[in-house]
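Residue numbers (my numbering), protein chains in the order written: chain A, 647 to 975; chain B, 3 to 344.
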Amino acid sequence: MAELTYRDAVARGIAQEMERDSNVVFLGEDVARAGGVFKATVGLVDRFGPLRVRDTPISEQAILGAAMGAAMTGLRPIAEIMFADFAAVCFDYIANEFPKLRYMTNGQLGCPLVVRTGNGGGARFGAQHSQSIENWTMMIPGLKVVAPSSPVDVVGLMAAAVRDDNPVIFHEHKSLYATKSEVPDGEIVDTLGTAKILRPGRDATILALALMVPRALAAAETLASEHGIDCEVIDVRSLVPLDTQTILNSVARTGRLFTVEENPRLCGWGAEIASIVADEAFWDLDGPIVRITTPHIPLPAADHLEDLALPSAPRIVERIARVMNGARR
Amino acid sequence: MTSKKDRDGETALKNDDISPDIRQELFRLQVEIRDCEKRANDLFFQNMIKGTSHLSLGQEAIAAGMAMAMQPGDKSFCTYRGHAHTLARGVPMEKVLGELMLRDNGLMRGKGGSMHLTSVEHGVMGSYAIIGAHLPIACGAAWRAQYLGQDDVSVCFFGDGTTNIGAFHEALNFAAIWKLPVVFVCENNLYMEYTLTSEITAVEHPAADRASAYGLERIVIDGNDADVVYRTAQAAFAKARSGGGPSMIECMTYRHSGHSRADPAKYRPPGELERWLEKDPIKIYRTRLAEFGVPEARIRAIEEESKRKVDEATEVCKASPPAPAELLTTDVYADGGWAWRN
Ligand SMILES: Cc1ncc(C[n+]2csc(CCOP(=O)(O)OP(=O)(O)O)c2C)c(N)n1
Ligand SMILES: [Mg+2]
């Protein structure tokens, strides 16, 4: 057991899989010699050589297209898209190519690859380098979508993603790279499609993802100590497949549901979950489902404005306390 | 191609680099593609082919010449105008027509349709309908071959209009810097959909002139002469296989019909089609065979056999049921199903 940063967990997860399977290759901009702009892949090229860990030109379409061609003919590529926002310049592969290949070819071809990308805000990078795009990827049939919140989950879910025979979009949160926690030694392999209850509670269920997880946990502590509200915090971890059962079971126990989402409001991941819960657990609910999200705006660069935009622990506390005390919204 | 007139009779025949068997195969492929495409057109007007379809009438020499130079493990990546390339790799007509007719006997049992013909067992690694997308994908397949030390070549077909999308340029640079065993084949039929590519492109030869910018040789060939295509392909594939890296081959050609089934091609200036019909690849090749001494009876036999094959394939397809309802939700994910939640 050792303390590991989220950043180093990325390299450890990739290394674990490259060690295991020589068909795992890794490509992206500045990922090899420079170790990645977020320094999340330092040391990989020294360990696995420049034929397996490859620097590419600034060609997002070529990166994802090449990963796909390699995946459909036998390799297990991991491709980096530096900032998640850049998914927009190669969205054809994410939306049209990877996820439809197996279906359109009636199962003749598959696309076992991982796209890892620096997602999310909090770094004062402004509107084009800060977005939370997990919902862009969640809405496409044929993709799997994960967004880990802790170093141990980064390693385990990376392993699961690489071993999965489907295209997996792996959202790393930029503002979590420096965070640290204990990670067990040895091989770690997690399971896609599993949510984790991080804090059991009786009064309300809070769902969170990535950077919103530590904020939801902090909020839950304050809600317990200052408001006497005992919240269950669930790290959703995997949007597709979605662990609906863990969520529905929790709502059945608590009767209340809050989502904490970094994505802008419209069509955020919580909207889909709210709709599932409304359909399937309506009679378990003791009050309205409430979504706490970034407002429907582009993100500002200024620190105090960005802090106002992203859900913060105090804002989560305030909103949940208000609603739990009978406010309608 | 030198014609018999410029040659020294028997000596020319003996010294010819293309064997009589291969010549007849090249002819057979072109004729079968032509007949199958014509049948697709007829079936379309009988409302037996739904959706859309993009024919390669007039462009058969490229598909035939390229496929003839390929080896079994080689991988083809084509576009929505991909019936010809699919047939050329040896995929049975009934599988192609069945898919066009969206029947259960089709290559993908109707799940893909005419724009996505795929037959992995024949090396047809998909037909791609988003312009430019498959050039990087072909690079990836070539990267796999290079990485694993396999000697297959990835061959990527696309049109002149495709040279103006970003993915084309990203792929060329990528293939060049990694020296990938990929051969890009531009079928320059002068038009993107309904607009002349020359009117919207900065250079005369949209693929070859750009290839030079990526350090590749500038190759423009007569795409209506299957011999020329075949020879050029052999050289490019040999180069790719021996670690020499990518090639770009721009093949000049012309489509006899409209862009897709809905297009009567009214935008073509008068006389243009007629001029190109003079250069019809099959007409050229039929004359070539005769010049090289293939008896008329043999040529006729190939033509008749092709007609019979198309008729048979059509009957098989007409008798095939449509795709069953349970296919709706299969193969979304690798477990064979479509579950996105528990
Ligand atoms: C990204 C994208 N833009 C536009 C289209 C619509 N489209 C389909 S075919 C075509 C023309 C392509 O021309 P060319 O590359 O010359 O191929 P050809 O059809 O002549 O074989 C266009 C514009 C598309 N499928 N994808
Ligand atoms: Mg064209």
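Glycine included, every Cβ here is placed at the ideal spot set by N, Cα and C.
Check                                                                                                                                                            : Outcome
Look at the Cβ atom of Pro-977(A), then the Cβ atom of Phe-744(A), and state whether they are nearer than 8 Å.                                                   : In this structure chain A extends from 647 to 975, so residue 977(A) is not present and cannot be described.
Would you tell me roughly how many angstroms separate the C-alpha atoms of Pro-830(A) and Val-800(A), rounded to the nearest one?                                : 12 Å
Would you check whether ligand 2 has a heavy atom nearer than 7 Å to the C-beta of Thr-719(A)?                                                                   : no
From the beta carbon of Met-750(A), is the nearest beta carbon of chain B less than 8 Å away?                                                                    : yes
Could you spell out the range, first to last residue, of the beta strand (DSSP E) harbouring Phe-239(B)?                                                         : From DSSP, Phe-239(B) is part of no beta strand (DSSP E) but of the alpha helix (DSSP H) over 228-243.
Mapping DSSP to helix, strand and coil, what is Met-356(B)?                                                                                                      : Since the first residue shown for chain B is 3 and the last is 344, residue 356(B) is missing from the structure and cannot be characterised.
Could you check the C-alpha separation between Tyr-968(A) and Pro-960(A) for me, to the nearest Å?                                                               : The residue asked about is misnamed: residue 968(A) is Arg in this sequence, not Tyr. Whole-angstrom Cα-Cα distance: 12 Å.
On the CB-based measure, 16 or more other CB atoms within 10 Å of its CB, does Ala-661(A) come out buried or exposed?                                            : buried
Does any heavy atom of ligand 1 sit closer than 7 Å to the C-beta of Glu-23(B)?                                                                                  : Note on residue identity: the sequence assigns Asp, not Glu, to residue 23(B). Every heavy atom of ligand 1 is 7 Å or more from the Cβ of Asp-23(B), so no.
Determine the direct distance from the alpha carbon of Asp-811(A) to that of Ala-336(B), and round the result to whole angstroms.                                : 6 Å
Where Tyr-216(B) and Ile-167(B) are concerned, what is the direct C-alpha to C-alpha distance, given to the nearest angstrom?                                    : 15 Å
Helix, strand or coil for Ala-927(A), going by three-state DSSP, please let me know.                                                                             : coil
Scan the stretch 116-131 of chain B for residues whose Cβ lies nearer than 8 Å to a Cβ of chain A and list them as they occur along the chain.                   : His-118, Thr-120, Ser-121, Val-122, Met-127, Gly-128, Tyr-130
Please list, following the chain, all residues that have a C-beta closer than 7 Å to any non-hydrogen atom of ligand 2.                                          : Gly-161(B), Asp-162(B), Gly-163(B), Glu-189(B), Asn-190(B), Asn-191(B), Leu-192(B), Tyr-193(B), Met-194(B), Thr-199(B)
Taking the straight line between their C-alpha atoms, what separation do you get for Tyr-130(B) and Asp-930(A)?                                                  : 47 Å
Please name the residue in Met-254(B), Thr-199(B), Ala-299(B) whose C-alpha comes closest to that of Gln-61(B).                                                  : Met-254(B)
Could you check where the beta strand (DSSP E) with Ser-884(A) kicks off and where it finishes?                                                                  : 884-886
Report all residues from its chain with a CB closer than 7 Å to the CB of Gly-874(A); omit the five preceding and five following residues, and keep chain order. : none
Identify which residue in Val-792(A), Gly-764(A), Val-886(A) has its Cα closest to the Cα of Glu-918(A).                                                         : Val-886(A)
Using 10 angstroms around the beta-carbon of Asn-971(A), count the other beta-carbons present and answer buried if the total reaches 16, otherwise exposed.      : exposed
Considering only their Cβ atoms, is the gap separating Ile-35(B) from Ser-66(B) smaller than 8 Å?                                                                : This sequence places Ala at residue 66(B); Ser is not what is there. Contact flag set, yes.
Between Asn-909(A), Arg-722(A), Leu-710(A), which has its C-alpha nearest Pro-991(A)'s C-alpha?                                                                  : As shown, chain A starts at 647 and ends at 975. That puts residue 991(A) outside it, with no answer to give.
Cβ-heavy atom distance between Gly-167(B) and ligand 1 below 7 Å?                                                                                                : For clarity, residue 167(B) is Ile in the given sequence; the question names Gly instead. True, at least one ligand heavy atom lies under 7 Å from that Cβ.
Hey, is Gln-777(A)'s beta-carbon within less than 8 Å of any beta-carbon in chain B?                                                                             : no
Starting from Arg-658(A), trace the alpha helix (DSSP H) both ways and give me its first and last residue.                                                       : 652-666
Take Arg-9(B) and list the residues in its own chain whose beta-carbon comes closer than 6 Å to its own, dropping the five residues that flank it on each side.  : Its pLDDT being 43, under 50, Arg-9(B) is placed unreliably in this model, and the coordinates cannot settle the point.
Less than 8 Å between the CB atoms is what I'm expecting for Ala-725(A) and Val-688(A), so what's the real figure, rounded?                                      : At roughly 18 Å, the Cβ-Cβ gap does not stay under 8 Å, so Ala-725(A) and Val-688(A) are not in contact.
Report the rounded CA-to-CA distance for Met-250(B) versus Ala-235(B), giving the unit in angstroms.                                                             : 10 Å
Classify Gln-891(A): buried if its beta carbon has 16 or more other beta carbons within 10 angstroms, exposed otherwise.                                         : exposed
Quick one: Cα of Lys-790(A) to Cα of His-942(A), how far?                                                                                                        : 25 Å
I want to see whether chain B comes within less than 8 Å of Ala-716(A), judged by CB atoms only; does it?                                                        : yes
Do Ala-927(A) and Arg-770(A) have their CB atoms nearer than 8 Å?                                                                                                : no
What does DSSP give as the partner residues of Ser-259(B) in its beta bridges?                                                                                   : The partner list for Ser-259(B) (beta bridge, DSSP) is empty, contrary to what the question assumes.
Using the rule of at least 16 other Cβ atoms within 10 Å of the residue's Cβ for burial, across every protein chain shown, is Gly-11(B) buried or exposed?       : Because Gly-11(B) sits at a pLDDT of 46, beneath the cut-off of 50, its placement in the model cannot be relied upon, and the point is left open.
Under the rule that 16 or more other beta-carbon atoms within 10 Å means buried, what is Pro-208(B), buried or exposed?                                          : buried
Just to confirm, are Pro-248(B) and Phe-186(B) a CB contact at a threshold of 8 Å?                                                                               : yes
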